[in-house]
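Undergrad: Counting in the numbering used here, the sequence shown runs from 3 upward without gaps.
Before I ask anything, let me first share the structure, which is written out below as structure tokens.
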Amino acid sequence: MNIQIFGKSKCFDTKKAERYFKERGIKFQKIDLLSKGLSKGEFNSISSAVGGYENMIDEGNKDYCEIKYLTESSKIAKLMDEPQFYKTPIVRNGKKATIGYCPEIWKQWD
């Protein structure tokens with residue numbers, strides 16, 4: 003397995019995801035989403051794995067109104083430029099990916 007956890011340092015679910023993999027002795031790469039963001043290739047891969055970019059948007063973000071009514075291309079550009087709008091954690095294993103804390107899916111990756 004080649005696990006990558008894209009998250010925010012203050013996100014409770016990101017910390018839970020890291021703990022899940024640590025407890026099972028599974029190595030992972032931790033990536034600070036706010037400072038690094040996602041590359042276009044990572045974005046496309048994760049987007050297709052989770053059923054579209056719409057599922058990656060954090061509707062609970064206090065600034066969600068800034069992105070809610072944008073066109074599709076503008077939403078994607080906003081996500082690429084401002085990674086605070088992503089739901090976290092984004093856990094990726096090759097072409098597979100999940101958004102949020104999803105241990106029931108991660109178990110199947112073993």
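Don't be surprised by glycine CBs; every beta carbon is placed ideally from N, CA and C.
Give the straight-line distance between the Cα atoms of I107 and L35, rounded to the nearest whole angstrom.
TA: Working through the sequence shown from its first residue, we reach residue 107 at position 105. Working through the sequence shown from its first residue, we reach residue 35 at position 33. Approximately 22 Å between the Cα atoms of the pair.
Undergrad: What's the gap between the Cα of I101 and the Cα of N57?
TA: What you label residue 101 is simply residue 99 of the sequence shown in a count that begins at 1. What you label residue 57 is simply residue 55 of the sequence shown in a count that begins at 1. Roughly 8 Å separates the two Cα atoms.
Undergrad: If you follow the beta strand (DSSP E) that N63 is part of, which residue opens it and which one closes it?
TA: Residue 63 sits at position 61 when you count from the first residue of the sequence shown. No beta strand (DSSP E) holds N63; DSSP gives it neither H nor E.
Undergrad: List the DSSP bridge partners of D34.
TA: Along the sequence shown, read from residue 1 onward, the residue named residue 34 stands at position 32. Note: D34 sits in a beta bridge opposite G9.
Undergrad: Drop a sphere of 10 angstroms on the beta-carbon of K10, count the other beta-carbons inside from all chains shown, and report buried for 16 or more, exposed for fewer.
TA: For the purposes of this step, residue 10 is identified with residue 8 of the sequence shown, where counting begins at 1. Classification of K10: buried, given that the 10 Å Cβ count is 16 or more.
Undergrad: Can you tell me the Cα-Cα spacing of L72 and I78, whole angstroms?
TA: The residue given as residue 72 occupies position 70 in the sequence shown. The residue given as residue 78 occupies position 76 in the sequence shown. Their backbone Cα atoms lie some 9 Å apart in a straight line.
Undergrad: Exposed or buried, P2, counting other C-beta atoms within 10 Å across all chains shown (16 or more means buried)?
TA: What is shown of the chain runs 3 to 112, which leaves residue 2 out entirely.
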